[in-house]
Structures are given as structure tokens and as C-alpha cells.
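Peer 1: The listed protein sequences correspond, in order, to chains A and B. Going by my numbering, the first residue of the first sequence is number 74, and it counts up by one from there. Going by my numbering, the first residue of the second sequence is number 366, and it counts up by one from there. Just so it is clear, CB atoms sit at the ideal spot from N, CA and C, and this is done for glycine as well. Treat the numbers as computed from the prediction; the structure is a model and nothing was measured.
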Amino acid sequence: MKKNQSGTPNKSLRRRDVLKFAGGTAVAAAFGAIPLRGWAADPVNIGGLYPVTGSFAQIGQACVNAAKLAVEMVNAGGGIKALGGAKLNLILSDVQSEPTVTRTETDRLISGNKLSAIHGCYASALTLIASEVAERAKMSLITGSSSDMLNKNRAYTFTPFARASQFAKAQLQMAKLVSDKPKVAVIFENTAFGTSTSNGLKELAPGEGVEIVLFEPYSAGFADAGPLINKVKSSGADMLFSVSYLNDLILIVRTVKQVGLKVAINGGSGGFVVPDFYKNVGKLADGLLGVAHWNHDVDANAQKVNAEYKKRYGEFLFEYGGGLVAQTFMLVDAIERAQSADPQKVHAALQKLDVSSGYAAMAPGGKVKFGPDGKNVYGHPVGVQWQNGDLASVFPKGDAKAPLVKI
Amino acid sequence: MLEILAQAVINGLLIGGIYALVSIGVTLIFGVVKIVNFAQGEFVMIGMYISFFLATQFGIDPVVSLIVSMPALFIIGVLVQHFLIRRVLGLNDMPQIFLTFALSLLILNVSLMLFTANYRTVHTWYSDEAFHIGPLYVPVAKLIAFVLAMVFSGILWLFLHATDLGKAMRAAAQNRDVAQLMGINPDRVFAVAFGVALALAGAAGSLLMPFYPAYPMVGQVFVLMAFVAVVLGSLGNVIGALVASLMMGVAESLGIQFIGADSGLIVVFMLLLTTLALRPSGLGGRRTR
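#1: Which residue wins for smallest C-alpha separation from A/K154, given the options A/I408, A/D370, A/K470?
#2: If you run the structure through DSSP and keep just helix, strand and coil, what is A/A293?
#3: Can you tell me the Cβ-Cβ gap for B/G567 and B/G412, rounded? I've got them flagged as a contact below 8 Å.
#4: Give me the residue from A/R181, A/E178, A/S189 with the minimum Cα distance to A/Q412.
#5: Which of the residues in the region 290-305 of chain A, read from start to end, lie with their CB under 8 Å from any CB of chain B?
#6: Taking 8 Å as the line, does the beta carbon of A/H192 fall inside it for any heavy atom of the ligand HEM?
#7: Taking only runs that begin and end inside the region 261-332 of chain A, name each unbroken beta strand (DSSP E) of 3 or more residues, in chain order.
#8: Looking only at its chain, what residues have a beta carbon closer than 7 Å to the beta carbon of A/A375, apart from the 5 residues adjacent to it on each side?
#9: Listed from N- to C-terminal order along the chain, which residues in the region 473-487 of chain B have their beta-carbon within a distance smaller than 7 Å of any beta-carbon of chain A?
#10: Tell me whether A/H192 sits in a helix, a strand or coil according to DSSP, three-state version.
#11: With distance defined between alpha-carbon atoms, name the residue in A/L423, A/G438, A/Q424 nearest to A/S481.
#12: Considering only the alpha carbon of each residue, which of A/G280, A/I119, A/V283 lies closest to A/L484?
#13: So with CB distances below 9 Å, who are the chain A contacts of B/P436?
#14: Can you round the beta-carbon distance between A/P172 and A/I202 to whole angstroms, since I take them to be within the 8 Å contact cut?
#15: Going along the chain, which residues of the region 590-606 of chain B sit with their C-beta nearer than 9 Å to a C-beta in chain A?
#16: In angstroms, rounded to a whole number, what distance separates the CA positions of B/R541 and B/V398?
#17: In the DSSP output, what is B/R485 paired with across the bridge?
#18: Within its chain, find whatever has a CB closer than 8 Å to the CB of A/T268; leave out the 5 residues flanking it on each side and keep chain order.
#19: DSSP state of B/W490, grouped into three classes?
#20: Quick one: is B/P427 near chain A, going by C-beta distance under 9 Å?
#21: Tell me whether B/I380 is buried or exposed, calling it buried when 16 or more other Cβ atoms sit within 10 Å of its Cβ.
#22: Given that B/Y491 touches chain A, what residues does it touch there, using C-beta distances under 7 Å?
#23: What does B/V586 reach in chain A if we use C-beta pairs closer than 8 Å?
#24: Run through chain A and tell me which residues come within less than 8 Å of B/Y580, C-beta to C-beta.
#25: For the alpha helix (DSSP H) containing B/A538, list its first residue and its last residue.
#26: For B/G598 and B/A606, which I take to be in contact (beta-carbon distance under 8 Å), what is that distance rounded to the nearest angstrom?
#27: Would you kindly work out how many angstroms separate the C-alpha atoms of B/T653 and B/S518, rounded to a whole number?
#28: Counting only beta-carbon atoms, is A/A130 nearer than 9 Å to chain B?
#29: If we define contact as Cβ-Cβ less than 9 Å, is A/T328 a contact residue for chain B?
#30: Tell me the DSSP secondary structure of A/Y351 in three-state form.
#31: Applying the criterion that 16 or more other CB atoms from any shown protein chain within 10 Å of the CB defines a buried residue, is A/K187 buried or exposed?
#32: Just by C-beta distance, which residues in the region 524-557 of chain B are closer than 7 Å to chain A?
#33: Jot down the residue ranges of each uninterrupted alpha helix (DSSP H) in the region 111-153 of chain A, minimum 4 residues, whole runs only, in chain order.
#34: Since A/N379 is in the alpha helix (DSSP H), which residue starts that stretch and which ends it?
#35: According to DSSP, simplified to helix, strand and coil, what is A/G431?
#36: For A/L313, would you say it is in contact with chain B, using Cβ-to-Cβ distances shorter than 9 Å as the test?
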């Protein structure tokens with residue numbers, strides 16, 4: 074007993090000494106007393122929040138790949154020139170496809186690192202949470218997520234691409250490509266996602282001169298799309314809008330083929346405009362229409378980035394990933410103009426962002442300038458069509474890179 | 366109008382065939398082993414992945430891969446019965462319910478880890494083809510699935526009525542103790558029953574693969590219908606489950622066509638509740654007084 078008592082203080086003293094030394098070194102390093110590296114080479118950190126596990130894992134990992142490619146491109150081009158060629162450094166965090174994890178991870182990422190800005194999180198549901206946390210921490214968040222909620226009561230969230238409300242309008246206008254007086258059947262899965270998206274379509278349809286001949290909610294995850302397509306057939310529609318999850322959409326597309334129904338299909342955005350969709354549906358996907366906030370043929374720079382991504386990962390650069398490369402360059406543009414890695418100065422520079430050339434301007438329309446709500450004032454979606462396993466921009470005229478293939 | 370009705374009935378019958386394969390397995394296990402197998406859907410999923418990998422790795426047609434998936438699941442079934450189910454038989458209901466429920470969750474989550482949540486599809490030459498008869502169409506892949514589902518149901522019926530092992534199974538189902546007195550080894554009979562039930566789930570998986578995407582949660586799509594069919598067709602009654610499955614497929618299809626595309630389950634459960642109210646032991650059961 075006694076031995077122990079006399080032994081303990083000694084041991085802890087020793088431990089304390091070690092800690093003191095380590096702490097002193099860290100403090101000294103922080104204030105530059107020990108020059109580990111030149112000041113100019115200190116990297117500028119940006120954070121990235123993506124779901125690389127859980128239900129969004131695959132697409133989340135693809136986002137990470139694109140984000141890393143963008144950082145490599147920045148550094149290969151000489152880094153941040155205004156900061157003496159400082160390297161850009163991406164600090165990643167896995168939000169696990171879970172809202173609660175997103176909250177804690179965003180908090181941890183911001184408080185645990187010296188960041189200039191962050192980007193994330195692919196899924197709107199996750200981005201909304203990350204943007205709340207970033208707002209409170211006064212940290213700029215740039216995102217390709219499309220929820221219009223991201224532009225409400227937020228000063229630190231920047232959305233350079235089209236908003237969800239714009240997608241519906243574009244989709245309706247695209248129906249005119251198929252027929253002068255389009256008759257549209259809208260089928261949608263009957264939860265929040267499907268209902269809100271399809272209601273948007275229904276409200277805007279009269280204004281766009283589109284007649285909706287069938288407006289049908291269905292329960293997601295059906296065993297058979299036959300009865301539903303039977304209904305579409307009897308409605309006499311020449312265009313089908315399917316607001317669906319991937320699983321249902323695969324069955325719908327296959328069933329339309331089996332029935333031999335002559336109807337143009339617009340599958341909207343999200344899971345419909347990623348390489349995986351083609352892998353699942355195959356040749357049947359050719360001719361299908363969709364909408365996207367970015368496409369790899371929007372300009373020459375985008376094509377260049379796409380070629381590099383394709384070389385590395387064997388598939389074309391998808392909507393969100395391509396937008397993410399552009400976002401990284403927008404952040405770099407802001408840091409360059411701020412001439413500082415300080416998050417507040419970067420935020421002020423982002424508010425004044427106005428680009429129309431270079432990688433930062435890789436967007437439909439080719440211009441990015443943020444309004445007071447963080448929305449890109451030039452932002453609009455592109456209409457795309459699957460053509461031979463690739464996505465081609467076919468709408469609007471100004472962005473079209475390939476003629477529409479009629480089916 | 367008539368053609369819409371006819372098409373809705375065709376669609377319903379075809380998918381009903383798949384429901385039948387799943388529900389016959391559930392009802393067989395319930396009838397013989399007196400246990401509800403909540404993991405039946407997950408075994409369908411395993412069948413799908415077996416066919417998926419055989420198709421993508423070796424180019425084997427999913428329907429042909431039945432000759433792998435059915436024996437594989439039969440063996441899994443025997444092992445599950447021998448090492449897990451057998452231990453909890455004779456105890457009260459709770460451990461039995463939780464055992465198969467836990468098994469379901471375990472298989473589901475292991476699959477999520479191994480295969481991820483992505484959808485996997487197999488394209489065969491007949492996947493997206495259909496026979497057109499006037500204004501009606503019959504998808505080839507679903508027709509193959511339906512025909513084979515009926516063939517397997519027929520074989521099972523023959524097995525239960527014409528073979529010694531089948532008769533032993535029915536005997537053990539009717540009265541376990543008496544069957545034992547007659548020299549029937551219940552452990553062996555139960556293991557075979559479980560194996561056969563899982564082989565049917567494997568068959569359902571392989572037959573689904575040409576036209577339905579595989580993913581870890583896919584079993585849930587079919588198992589709910591299977592349970593309803595089992596109750597509707599009287600618990601433990603193979604022919605009852607078959608007829609109820611086909612009825613449910615048709616009811617669901619008609620509901621979607623004539624009421625609304627989100628009414629499929631409403632129609633099915635209305636049918637179930639009405640049947641139970643009028644015939645509490647199900648369609649195949651004896652009228653209770």
C-alpha cells in the first residue's frame with residue numbers, strides 16, 4: 074500500500090514533465106519559434122463533408138474522388154498564388170448518410186481544424202443540417218444540393234447551381250421538345266420527395282402550356298410496375314414524368330419497353346443522371362430525358378476535367394462531382410481575392426464572387442455570381458438525354474451540345 | 366375497358382406466382398415446424414445474389430442458376446434448422462420469434478456490408494421482351510417465373526402426398542407426438558421441411574433476377590405479401606397459400622388500376638380483414654363455429 078502511494082506521485086511528475094515539454098513545443102511551433110516550414114508554404118485547409126458509408130456511400134465516395142481531383146488540379150496549377158503558392162489541403166469527414174452524424178461531424182470538422190471554407194454533402198437532407206451548423210460557426214459552405222431551403226435565412230451558404238424549383242420548370246419546358254401540345258402523365262412515389270416535386274410540376278404546368286393527363290401517386294418499392302404502366306397507357310400520354318427512386322424507375326423503364334408503349338420518359342435528376350443508372354438499365358436508357366445542375370459537356374474546361382476523371386475512374390464525371398470541381402475553384406477564387414485563409418475574409422470574397430471564365434465558371438450558362446440569398450443569379454439547370462451510355466446536354470438551346478434524339 | 370381489366374388480371378396473376386413461391390415456403394415451415402420464419406424474404410435475397418453473381422461472373426442465365434440456388438438454400442435451410450431452430454423448439458413462442466427475426470436482421474445487415482445498398486440488375490435476352498396477343502402483353506421473364514412457380518408448387522404437392530418423407534412431414538405437422546410414436550424422426554423431417562422452404566425462396570430469387578433488381582432490402586418487398594397470403598390461405602396450408610397469393614396479386618393489380626396506384630396494399634389488407642372476419646381460419650381452413 075505504502076509503496077504504491079510513494080510510487081504514484083513520482084510517476085505522475087514524470088508524466089507531467091513530458092506533457093509540459095510536448096505542450097511547449099506545440100505552442101512554440103504555433104507561434105513560429107521553431108520554423109518547421111516556411112510561412113508561405115502553409116497549406117490552406119478546406120473541409121469536405123460526404124457520406125462515404127451508409128445508403129449514399131457509393132455516390133458519396135464518387136464525390137470525394139471528384140473533390141480530391143479538384144484539389145490536385147489547384148495544386149498542380151501553382152496552389153494559391155496570393156498566398157505565395159500555398160497548397161490547398163482537403164480535410165474530409167464521413168457523415169455516414171445520417172442526419173445526426175452530419176450534425177456532430179460538421180461541428181467536429183469546423184471546431185477541430187483551421188478551415189477557410191467547407192463543401193458538402195450531396196444529399197439535400199444532410200446539407201441542410203451541415204449548413205445550419207456552418208451558419209452558427211460562421212463558416213462558408215458551398216454546395217451543389219438543390220433544396221430551396223438552403224437559400225432561406227442563411228448568410229454563409231452558397232449555391233452556385235440550379236435550385237429544385239427551377240428543375241420542375243425546365244422539365245415542363247422540355248416536354249415541348251417532344252410535342253407542341255404535350256400530354257404528360259406524372260407518376261410519383263407518395264412520400265415527401267415525390268409529393269413535393271410532383272406538386273411543383275402540377276402548379277407550373279398550365280403556365281408552361283403543358284396538359285397533365287394523369288397525376289398518380291404510388292407506393293414506393295412495388296413488386297411490379299405493370300399495373301401502373303397500364304394506367305399510363307390508358308391515359309393517352311405522350312410524355313411520362315416519373316418522380317421515383319432508382320429501384321422503381323428501373324422497373325418502370327423496363328415495363329414501358331415490355332408494353333411497347335410509345336412514350337418519352339423524363340426521369341428528373343439525382344439518381345437518374347449518374348453512370349450507375351445506365352449500368353442498371355442498359356440500352357433501354359438511351360433516349361430517356363432528365364435534368365441536371367451540371368453536365369460534363371457544358372464547356373471545354375468541363376470536358377477536360379471529365380476526360381481526366383474518366384481516365385481515373387472509368388466512368389464519366391457525374392453532375393454533382395463535376396459541380397464540386399467547379400465549387401472548389403470558386404473557393405480558390407475567393408481565397409485569392411481575399412489574400413487570406415481567414416474564413417471571414419473568404420466569406421466576404423465569396424459574397425462578391427463574379428466569374429465567367431476558368432474552372433470556377435464551369436456551370437450551365439458559364440457565369441457565377443451570388444445574390445444576397447447565396448443563389449447564383451445566373452443559375453439554371455440543363456436538360457440532358459442518355460445517348461449511347463453518355464449524357465448529352467440537349468436543353469435549353471444556349472446550353473445544348475447535341476441534338477435531341479426522338480424515340 | 367375489357368382489355369384493361371384483362372391486362373390487370375394478367376399482371377396480377379404473374380406477380381402472384383412469385384408471391385406464391387415465397388408464401389408456400391413460409392406456410393410449409395409454419396405447418397411442419399410450427400414456427401414463423403421472418404427471415405424468408407432475406408433468403409429470397411440470397412437467392413437473387415447467387416443468381417446475380419453466377420450471371421455476371423460466369424454468364425449463367427438466372428433461370429438456369431436455379432440448379433445452384435435451390436440446393437444451396439436447401440443446405441442453408443437444413444443447417445439453420447439443425448443449429449438454430451431446433452434449439453428453441455418446445456420453448457415458448459418468444460425465443461422462436463426473436464430467433465428468426467434476429468436472423469433476418471443479421472442477414473440483411475451483413476448483406477448491406479458485403480454488397481452495399483446498390484441495385485444490381487441482370488439483363489437476359491428475354492428480360493425486356495413480351496408476347497403480344499392483340500392489345501394484351503405478357504412479359505417473357507414473368508411468364509417463365511410464373512410457370513416455374515406453378516411447377517414447383519405442383520412438385521411440392523406431389524412430394525407431400527405421394528412420398529413417404531412427404532407423408533411423414535404432414536404427419537409430423539398434424540401431430541408431432543403421435544408421428545414420433547409411429548417411428549418418424551421429427552428432427553429429420555423438420556430439417557427437410559426447412560430446407561425445402563428455403564429452396565423455394567432461392568427459386569423465387571433466381572426467377573426474380575431477370576426482371577427485378579437485387580439489393581439487400583429486396584426481401585421486404587415480397588415477404589409482407591407472403592405473410593398475408595399465408596394467413597389468408599390458412600396457416601400451414603400449401604394450396605391455400607398458393608391460391609391466396611394469386612388472389613392477392615390480382616387484387617393488388619386491380620386496386621392499382623381502378624382505385625389508385627397507392628392503393629395496392631389497402632386493397633390487399635381489406636381483403637385479408639374481410640376474409641378473417643368471415644372465415645377466421647382463412648380461405649383454406651375449416652369453418653369455425
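Peer 2: A quick look at the data gives this:
#1: As a working note, residue 154 of chain A is residue 81 in the first sequence. Of A/I408, A/D370, A/K470, the residue nearest in Cα terms is A/I408.
#2: Stepping through the first sequence from its first residue, residue 293 of chain A is reached at position 220. Residue state, collapsed to three classes: coil.
#3: Here residue 567 of chain B refers to the residue found at position 202 when the second sequence is read from its first residue. Here residue 412 of chain B refers to the residue found at position 47 when the second sequence is read from its first residue. Confirmed, about 4 Å.
#4: As a first step, residue 412 of chain A must be located in the first sequence, where it is residue number 339. Comparing Cα positions, the closest option is A/S189.
#5: P290, Y291, S292, G294, F295, A296, D297, G299, P300, L301, N303, K304
#6: The model depicted lacks the ligand HEM and carries no ligand whatsoever.
#7: 284-291, 312-316
#8: Indexing the first sequence from 1 puts residue 375 of chain A at position 302. Here the set comprises H369, G395, M435.
#9: T481, A482, N483, Y484, T486
#10: As a first step, residue 192 of chain A must be located in the first sequence, where it is residue number 119. A/H192: strand per DSSP, three-state reduction.
#11: Because chain A here runs from 74 to 480, residue 481 of chain A falls outside it and cannot be looked at.
#12: With chain A covering only 74 through 480, there is no way to say anything about residue 484 of chain A.
#13: Reading the second sequence from its first residue, position 71 is the one you call residue 436 of chain B. Within chain A, no residue comes near B/P436; the closest Cβ sits about 26 Å away, beyond 9 Å.
#14: In the first sequence, the residue the question calls residue 172 of chain A occupies position 99. In the first sequence, the residue the question calls residue 202 of chain A occupies position 129. That belief holds up - the Cβ atoms of A/P172 and A/I202 are roughly 5 Å apart, short of 8 Å.
#15: M590
#16: Residue 541 of chain B sits at position 176 when you count from the first residue of the second sequence. Residue 398 of chain B sits at position 33 when you count from the first residue of the second sequence. Spanning the two alpha carbons is a distance of roughly 9 Å.
#17: Numbered from 1 along the second sequence, position 120 holds the residue referred to as residue 485 of chain B. DSSP lists B/A579 as partners of B/R485.
#18: The residue labelled residue 268 of chain A in the question sits at position 195 within the first sequence. The answer, listed in chain order, is F261, P290.
#19: What you label residue 490 of chain B is simply residue 125 of the second sequence in a count that begins at 1. Coil at B/W490, not helix or strand.
#20: Residue numbering aside, residue 427 of chain B sits at position 62 when the second sequence is read from its first letter. B/P427 does not count as touching chain A.
#21: Sequence index remark: in the second sequence, residue 380 of chain B carries index 15 (1-based). By the 10 Å Cβ count, B/I380 comes out buried.
#22: To locate residue 491 of chain B, count along the second sequence from 1; it is residue 126. None at all; the shortest Cβ gap to chain A is about 10 Å.
#23: Position 221 of the second sequence, counted from the first residue, corresponds to residue 586 of chain B. Simply G294, F295, A296.
#24: Taking the second sequence and counting its residues from 1, the one referred to as residue 580 of chain B is at position 215. Within chain A, the residues near B/Y580 are N320.
#25: What you label residue 538 of chain B is simply residue 173 of the second sequence in a count that begins at 1. Start and end: 529-539.
#26: Within the second sequence, the letter at position 233 stands for residue 598 of chain B. Within the second sequence, the letter at position 241 stands for residue 606 of chain B. B/G598 to B/A606, Cβ: 4 Å. Contact.
#27: Within the second sequence, residue 653 of chain B is the residue found at index 288, counting from 1. Within the second sequence, residue 518 of chain B is the residue found at index 153, counting from 1. At B/T653, the pLDDT of 41 sits below 50, so the modelled position is not reliable and the matter cannot be decided from this model.
#28: On the first sequence, position 57 is the one that residue 130 of chain A refers to. At least one chain B Cβ lies under 9 Å of A/A130.
#29: Residue mapping note: residue 328 of chain A aligns to position 255 of the first sequence, counting from 1. Yes, A/T328 counts as interfacial toward chain B.
#30: Against the first sequence, residue 351 of chain A aligns to sequence position 278. Three-state DSSP puts A/Y351 in a helix.
#31: For the purposes of this step, residue 187 of chain A is identified with residue 114 of the first sequence, where counting begins at 1. Under this definition A/K187 is an exposed residue.
#32: none
#33: 130-149
#34: The residue you call residue 379 of chain A lines up with position 306 of the first sequence. Where A/N379 is concerned, the enclosing alpha helix (DSSP H) stretches over 373-386.
#35: In the first sequence, the residue the question calls residue 431 of chain A occupies position 358. Of the three classes helix, strand and coil, the one that applies to A/G431 here is coil, per DSSP.
#36: The count along the first sequence starts at 1 and reaches residue 313 of chain A at position 240. Not an interface residue.
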